[in-house]
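The numbering of the sequence shown is numbering that gives the first Met the number 0, which starts it at 0 and goes up by one.
Shown next, in structure tokens, is the structure this report addresses.
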Amino acid sequence: MRIRRVIHRRFLAEQALQELRQPLLKAGALQDAIFNSANFSSIATDAQGVIQIFNVGAERMLGYTAADVVDQITPAGISDAQEVIARAAALSLEWDTQIEPGFEALVFKASRGIEDIYELTYIRKDGSRLPAIVSVTALRDAKDKVIGYLLIGTDNTARKQVEAEQALLDQRLRDQQFYTRSLIESNIDAIITTDPRGIISDVNQQMELLTGCTRDELIGAPFKNYFTDPARAEAAITRVLRDGKVTNYELTAHARDGKETVVSYNATTFHDRDRNLQGVFAAARDVTDRKQFEHALQENYVELESAKAAAEKANLAKSEFLSSMSHELRTPLNAVLGFAQLMASETPPPSPAQKLSIDQILQAGWYLLRLINEILDLAMIESGKVTISQESMSLTDVMQDCQAMIEPQAQQREIQMTFPHFDHPFYIHADRTRVKQVIINLLSNAIKYNRVGGAVMVECVMHVENRVRLSVKDTGAGLALDQLAQLFQPFNRLGQESSTEEGTGIGLVVTKQLVELMGGVIGVESNVGVGSVFWVEFPASNAPELVFGDSGEIGLNEQDNMAAHALPCQRTLLYVEDNPANLVLVEQLIARRSDLKLLTAVDGHLGIKLARLYRPDVILMDINLPGISGFGALKILREDPVTAHIPVMALSANAVPRDIEKGLKAGFFRYLTKPIEVVAFMDALDVALHHAAENGLASESAR
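In structure tokens, the structure reads:
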């Protein structure tokens, strides 16, 4: 019985012991599961720090096996040395005691019973780095003596990467903010931002200078408060919000010290990344100086316009004066030269004494006409009214015309003229009439200022840069250097005022300006006692496909000469002229022609009536007529079928080139100028009569 009781008690004791051990076994199993988890590195050391346990998590994370480290090293041996040193220094400072870098630094707080969790970088077996969060706990025995340490670590790589990326983003944001701020502050314009209500949210230093207020004072204040016209400033914000932008919107800023500055605003709205409206961004440029400049410019412009109008008025008055002067001088000259030519060709001829007097009248008259022409030419050039009609033309043909015109003058002075023999024609791009005027002037001067019995040599060659050079060489006295410097000055005769040679000192000035207007160049080379060489260059040109005669030329060509023959008898000429002397002159000229009958009218209206009544073969028309001008009369005659066919020739003292051009464009058959050159006048009249006969336009009296 006793044995049975003993056995029973033992059974009960073992059962109770088993019940007591069961929770311990469960707790141990849980600890083993945690300790051997692959997600944590669990490293247990003895009191000296030598590793005793290195779980599978530590092996996976660090690449070491337990055999590599157990009883071999402390955790400090697999940690970043610089971090361990830094931790020792920080703890030494915190605890005011010297802590050596090494394992002690890793467990210092835990050894004093303080919970210690910190970041530590492990160095893997392959040398790579593993950022970890380490929790350190001191292991103690039943008597609370430290017998070791447990370091549990988790992989901190992902968090570190996120932190690094966040730090990078933060730095980029700071850099962008700094860059944006730098852009705003470095701008020469006043920069301002407002919210949608027009309340200032940011400004730059230029805005502070513009208003005299600090940035803190400006932020939070209404935008409109800093302008002389708040309503207009507020309207600018409203307009930007409505249209999305404004450009060159002018406002006047009012500073604290009372200074006012005119600014030009350019503004736009700005939004967040979700396109939500945030406010208005505006830049204001100081345009005060520009506005003052524009105001001054406007005042100057008004003055310039006034001066321009005055100049144009003066120029118009000058042109009208020149035209009037030309007309008024030529009209009496027409009578003087016209009647002198009649007297010179009278039958019987005048006596020698009479002829001498008549020659003096003609010489003086034609000289006076040349002076008038030169002065008018110079005035026209200076006022910009001269007309240049450039075309491809034969310089060879013009030279031949000039030779025929100048040789009589050379013979009178016993000057030997030498002209080039052209193997091929030279073509230039110029105005034919003006080129002839230039050459005649150079040849005339070469004869006039030559010695008696001297010589003039003319050469024509192709020069450099596709230009044709014409040279006129004389054997005169030559020019000194100081005379050459004054050669092209108006009215400067270079000391020849007291000589017997006539002149005004205008011809070469006109010649030079005409040459340059045609794109040419003029020059001179001279030696005192030897002579001078004047040359002109013109742009070379190709031969024209067709060469037409100059319609403004009074002289006759070969076809015109043929036309002057075999005219029918008793042709009728109607002359419309209000000047009695001119009427008498033409009457006497026509009286010498038995084949012509003259009708006269003293104004345009009467001339039109007579033309319709008698249908003359040719009409000779003055321009400045009482009642209706020659142009008005021509227009009426051209519109009337009865008179539209009759050739009408102008005979006018309005002789400047633009007058001639205007007359020819209006439809005059010829435009003759006063004073009349009798031979040329009669030749032109014959051409007009022949034209009428050839086209079946003869008057009733001729049929």
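Using N, Cα and C, we set each Cβ at its ideal position, and we do this for glycine too.
Being a predicted model, the structure only gives us computed values, none of them experimental.
Thinking C-beta only, is residue j closer than 7 Å to residue i?
i      : j      : result
Ser540 : Tyr426 : yes
Ile713 : Thr153 : Past the boundaries of the shown model lies residue 713; the chain is included only from 0 to 702, so the question cannot be answered.
Ile645 : Ile618 : yes
Ser40  : Met60  : yes
Leu209 : Ala232 : no
Ala252 : Thr246 : no
Ala104 : Ile113 : no
Ser525 : Leu469 : no
Val397 : Val434 : yes
Gly278 : Thr179 : no
Asp256 : Gly211 : yes
Phe704 : Ala445 : Residue 704 cannot be examined here, being either before or after the span of the chain that is shown, 0 to 702.
Val455 : Ile414 : yes
Ile187 : Ile218 : no
Leu368 : Leu341 : no
Leu123 : Gly76  : First, the amino acid is wrong: residue 123 is Arg here, not Leu. Going by C-beta atoms, Arg123 is not nearer than 7 Å to Gly76.
Asp621 : Ser593 : no
Val647 : Phe668 : yes
Ser391 : Pro615 : no
Phe418 : Gln402 : yes
Closest by CA to residue i, which one among the options?
i      : options                        : result
Asn623 : Val617, Pro640, Asp658         : Asp658
Gly48  : Glu259, Tyr248, Ile146, Pro656 : Ile146
Thr227 : Arg86, Ala254, Glu345          : Ala254
Glu576 : Glu660, Ala649, Arg123, Gln362 : Ala649
His462 : Glu293, Thr510, Gly519, Leu513 : Gly519
Ala610 : Arg128, Pro625, Glu638         : Glu638
Asp70  : Tyr63, Gln411, Ile50           : Ile50
Pro74  : Ala88, Glu93, Ile52, Trp94     : Ile52
Arg158 : Gln176, Leu129, Gln175         : Leu129
Ile360 : Arg289, Ala339, Val514, Ser350 : Ala339
Val55  : Ala46, Asp115, Asp67           : Asp67
Ala46  : Val527, Phe107, Gln399, Leu92  : Phe107
Ile607 : Ile589, Leu480, Arg591, Pro640 : Pro640
Gln389 : Arg431, Phe269, Gln488         : Arg431
Taking the beta strand (DSSP E) that residue i falls in, what are its first and last residues?
i      : result
Glu458 : 454-462
Asp154 : 145-154
Asp705 : This structure cannot settle anything about residue 705, because the visible part of the chain is limited to 0 through 702.
Ala517 : The question names Ala, but residue 517 in the sequence shown is Met. Premise fails: Met517 is in no beta strand (DSSP E) and is neither H nor E.
Leu605 : Counting along the chain, Leu605 falls outside any beta strand (DSSP E), though it belongs to the alpha helix (DSSP H) covering 603-613.
Gln194 : Before going on, a small fix: residue 194 reads as Asp here, not Gln. No beta strand (DSSP E) holds Asp194; DSSP gives it neither H nor E.
Glu207 : No beta strand (DSSP E) contains Glu207, which is instead part of the alpha helix (DSSP H) from 204-210.
Ala254 : Note, Ala254: premise wrong, no beta strand (DSSP E); not H, not E.
Hey, could you find the ends of the alpha helix (DSSP H) residue i is sitting in?
i      : result
Phe102 : 102-110
Leu619 : Here Leu619 belongs to no alpha helix (DSSP H); instead the beta strand (DSSP E) covers 617-620.
Asn444 : 431-447
Glu576 : First-last for Glu576: undefined, no H or E at that position.
Ile218 : From DSSP, Ile218 is part of no alpha helix (DSSP H); its letter is neither H nor E.
Leu240 : 229-242
Val677 : 677-693
Apart from the five residues on each side of it in sequence, which residues of its chain come closer than 6 Å, Cβ to Cβ, to residue i?
i      : result
Thr599 : Tyr574, Leu582
Asn694 : none
Leu23  : Here Leu23 scores only 40 on pLDDT, less than 50, and its place in the model is too uncertain to base an answer on.
Leu336 : Gly364, Pro674
Ile190 : Ile183, Asn203, Ala282
Gly27  : Unreliable positioning characterises Gly27 in this predicted model, as indicated by a pLDDT of 48, which lies under 50. A coordinate reading is not provided.
Leu684 : none
Lys244 : Thr267
Gly101 : Ala75
Lys223 : Pro229, Ala232, Glu233
Ser497 : Residue placement at Ser497 is flagged as unreliable, the pLDDT there being 47, under the threshold of 50; the coordinate-derived value follows with that caveat. Once the five neighbours on either side are set aside, Ser497 has no close Cβ partner at all.
Report the CB separation of residue i from residue j in whole angstroms; it is logged as a contact under 8 Å.
i      : j      : result
Gly452 : Gly530 : So it is not a contact: roughly 13 Å between Cβ atoms.
Leu572 : Glu586 : Actually they are not in contact, since the Cβ atoms of Leu572 and Glu586 sit about 10 Å apart, beyond 8 Å.
Thr386 : Val437 : The pair is not a contact, with the Cβ atoms about 15 Å apart (cut-off 8 Å).
Gly666 : Ile627 : So it is not a contact: roughly 16 Å between Cβ atoms.
Quick one: what's got a C-beta closer than 8 Å to residue i's C-beta in the same chain, skipping five residues either side?
i      : result
Leu138 : Ala43, Val145, Ile146, Gly147, Tyr148, Leu149
Ser344 : Val677
Tyr248 : Ala235, Arg238, Ser263, Tyr264, Asn265, Ala266
For residue i, I'd like the list of residues in its chain whose CB is within less than 7 Å of its CB, leaving aside the five on either flank, ordered along the chain.
i      : result
Glu82  : Leu119, Thr120
Arg716 : Nothing about residue 716 can be read from this structure; the chain reaches only from 0 to 702.
Pro221 : Gly197, Ile198
Ser110 : Ala137, Val145
Asn578 : Thr330
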